[in-house]
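Residue numbers 17 to 422, in my numbering, belong to the letters of the sequence shown in order.
Backbone N, C-alpha and C fix where the C-beta goes; we use that ideal spot for every residue, glycine too.
Since the model is a prediction, treat every value here as computed from it, not as a measurement.
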Amino acid sequence: MNEKNILFQPGKIGNLTLRNRIFRSATFEGMCDSHGVPTEKYLTLYTALAKNCIGAIITGFAYISDCDRAMQPGQAGIESDDKIVFYKRITDRVHSYHSRIFMQIAHCGRQTIATAVGGVVRGASTKKSSYFGGAPKKLTTEETLSLSQCFADAALRCKKSGFDGVQIHAAHGYLVHQFILPSVNNRKDIFGIDKKTGIGTYFLEVIIDKVRDKCGSDFPLLIKISAGDDYLKTFNRNHFIQLIRFLDGKKVDGIEISYGTMDHALSIFRGQSIPLDLILRYTPRYQTQTLFGRVLRKRIIYPFMKPRIKMFTPMYNLLYAKIAKQHTQIPVICVGGFRTKQEMIGAVERKETDFVSLCRPFICEPDLVTELMSNDCYKAKCLDCNMCAVMCDSPNSTRCYFGKAI
Ligand SMILES: Cc1cc2nc3c(=O)[nH]c(=O)nc-3n(C[C@H](O)[C@H](O)[C@H](O)COP(=O)(O)O)c2cc1C
């Protein structure tokens with residue numbers, strides 16, 4: 017009965033058919049060894065999702081060059097050809113259950129720490145991230161061009177590894193997003209802000225063109241973007257529409273709509289409350305703080321910040337997906353706060369999004385799609401406690417803590 021519902025009908029991304037309209041949004045796994053090679057845990061995770069009828073999986077963000085890793089331990093890497101054989105095992109397994117898998121490729125830019133990148137953090141400009149601190153070194157024009165080539169080379173490795181496509185991470189304040197944002201990009205070279213649109217899309221444009229050149233235009237290419245940049249509001253509604261129009265002009269195969277940057281991570285993964293004690297305990301930046309610094313943060317800075325933090329509401333990015341759909345025919349994938357089957361069905365039926373995408377609920381329940389198919393009233397068990405997110409900074413691999421104290 018349920019399978020007749022549009023949510024469970026096949027959907028198209030480029031020339032690719034997905035078994036249903038449900039994506040697992042990119043989710044950092046922390047399940048790779050120190051060389052960025054996927055372990056058995058990584059295979060087990062993706063087997064469980066595919067076995068349970070997920071339409072498509074987007075992997076956690078993978079680094080594209082060895083000296084440009086995230087601060088979180090256990091990140092996946094796709095920076096060298098010797099990785100291909102390891103990922104082939106994963107993609108073969110996912111395909112054996114008729115699901116699709118895309119790899120998300122990313123460069124952190126200023127959103128990492130010096131020890132993860134050989135000593136020097138690099139960004140679109142020297143502007144600091146309020147969360148990571150430390151002024152990054154501004155990438156030169158040549159370095160920026162060379163990184164665009166790293167994205168293309170990584171995309172080709174994804175293709176050779178059997179991935180069904182690739183997603184460029186242009187959201188959440190990572191490097192591509194740093195170039196897009198008028199509040200970060202103050203460059204005067206070709207990668208600066210476009211005067212007409214008010215945003216910096218040239219870096220992304222070069223990456224898209226190079227990926228297409230390397231992988232062919234039939235290799236599905238998704239882009240993840242943020243619809244807003246937190247309370248600063250320097251990236252406004254008009255900028256968002258300009259970005260959608262730009263992607264429409266580049267004829268990418270799918271646009272995933274998210275929100276925010278890691279400077280205010282709770283805009284990305286909104287919660288019912290803020291796990292401040294965990295943040296203070298596990299985030300590398302705060303581990304080095306004195307007791308006085310921690311108390312100050314807890315008693316003074318936090319109460320000041322709290323009113324600005326965006327709390328959880330169901331489907332919190334759907335309004336932006338709706339706007340996107342008014343400006344493009346390209347499939348829109350909406351992520352953020354989908355928790356009930358009725359919400360997902362409604363959003364797709366009303367054509368407010370073409371696909372729904374979920375992250376935290378799948379950490380909690382890798383068999384969620386099977387549950388949704390068998391029960392019309394199903395509600396995901398995820399409590400939005402965000403412990404999974406905070407614990408990405410610890411040496412543990414990503415898992416659900418189910419609201420329990422650690
Ligand atoms: C533990 C964790 C890891 C994440 N890792 C990534 C990632 O690697 N790349 C990415 O684009 N977003 C990442 N996200 C953000 C999610 O993809 C998603 O945009 C966000 O959690 C909102 O969706 P949800 O309400 O379904 O969780 C992560 C979120 C969490 C909680």
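Closest by CA to residue 27, which one among 388, 370, 282? 370
Consider the C-beta atom of residue 150 and the heavy atoms of ligand 1; say whether any pair is separated by less than 8 Å. no
Would you tell me roughly how many angstroms separate the C-alpha atoms of residue 231 and residue 223, rounded to the nearest one? 12 Å
Please confirm if the segment 267 to 282 is in contact with the segment 48 to 68, defined as three or more CB-CB distances below 8 Å between the two stretches. no
Candidates 320, 182, 215: closest to residue 196 by CA position: 215
Comparing the CB of residue 425 with every heavy atom of ligand 1, is any distance shorter than 8 Å? Residue 425 lies beyond the range of the chain shown here (17 to 422); nothing can be said about it.
So the alpha helix (DSSP H) residue 281 belongs to, where does it begin and stop? No alpha helix (DSSP H) contains residue 281, which DSSP labels as neither H nor E.
Does the segment 200 to 218 come close enough to the segment 234 to 243 to have 3 or more Cβ pairs within less than 8 Å? no
Run of the beta strand (DSSP E) containing residue 78, from where it starts to where it stops: 72 to 79
Do residue 266 and residue 221 count as a contact pair if the criterion is CB distance below 9 Å? yes
Quick check on DSSP: helix, strand or coil for residue 255? helix
Quick one: is residue 72 buried, meaning 16 or more other Cβ sit within 10 Å of its Cβ, or exposed? buried
Unbroken alpha helix (DSSP H) run spanning residue 360, endpoints: 357 to 365
Excluding the 5 residues flanking residue 114 on each side, which residues of the same chain have their C-beta closer than 7 Å to its C-beta? 35
Do the segment 352 to 360 and the segment 314 to 321 touch if we need at least three Cβ pairs shorter than 8 Å? no
Neighbour-count burial assignment, residue 311, 16 or more Cβ in a 10 Å radius: exposed
Which residue comes first and which comes last in the alpha helix (DSSP H) that contains residue 186? Here residue 186 belongs to no alpha helix (DSSP H); instead the beta strand (DSSP E) covers 181 to 186.
Is residue 80 near residue 41, with beta carbons less than 9 Å apart? no
Along the beta strand (DSSP E) that carries residue 272, what are the first and last residues, could you check? 270 to 274
In chain order, what residues of the same chain lie with their CB nearer than 8 Å to the CB of residue 263, ignoring the 5 residues before and after it? 239, 241, 271, 344, 346
Report all residues from its chain with a CB closer than 7 Å to the CB of residue 59; omit the five preceding and five following residues, and keep chain order. 105, 106, 109
Return no unless some Cβ of chain D is closer than 9 Å to the Cβ of residue 92. Of the protein chains in the structure, only one exists, and it is not chain D.
Regarding residue 72 and ligand 1, is the C-beta to nearest heavy atom distance less than 8 Å? no
List the DSSP bridge partners of residue 38. 372
What residues in its chain sit with their C-beta under 6 Å from that of residue 217, if we drop five residues either side in the sequence? 262
Tell me where the alpha helix (DSSP H) around residue 192 begins and ends. 191 to 196
Near residue 330, what residues of its chain come up, given a Cβ to Cβ distance below 8 Å and the 5 sequence neighbours on each side ignored? 353, 354, 355, 356, 359
Using the C-alpha atoms, what's the distance from residue 384 back to residue 199? 38 Å
Going by DSSP in three states, residue 410 sits in which element: helix, strand or coil? coil
Given 8 Å as the limit, is there contact between the segment 281 to 298 and the segment 250 to 257, that is, 3 or more CB pairs closer than that? no
Within the present structure, is the beta-carbon of residue 48 separated from the nearest heavy atom of ligand 1 by less than 8 Å? no
Please report the distance separating the alpha-carbon of residue 166 from that of residue 175. 14 Å
What whole-angstrom Cβ distance do residue 46 and residue 412 have, given they're in contact under 8 Å? 7 Å
Around the Cβ of residue 182, are there at least 16 other Cβ atoms within 10 angstroms (buried) or fewer (exposed)? buried
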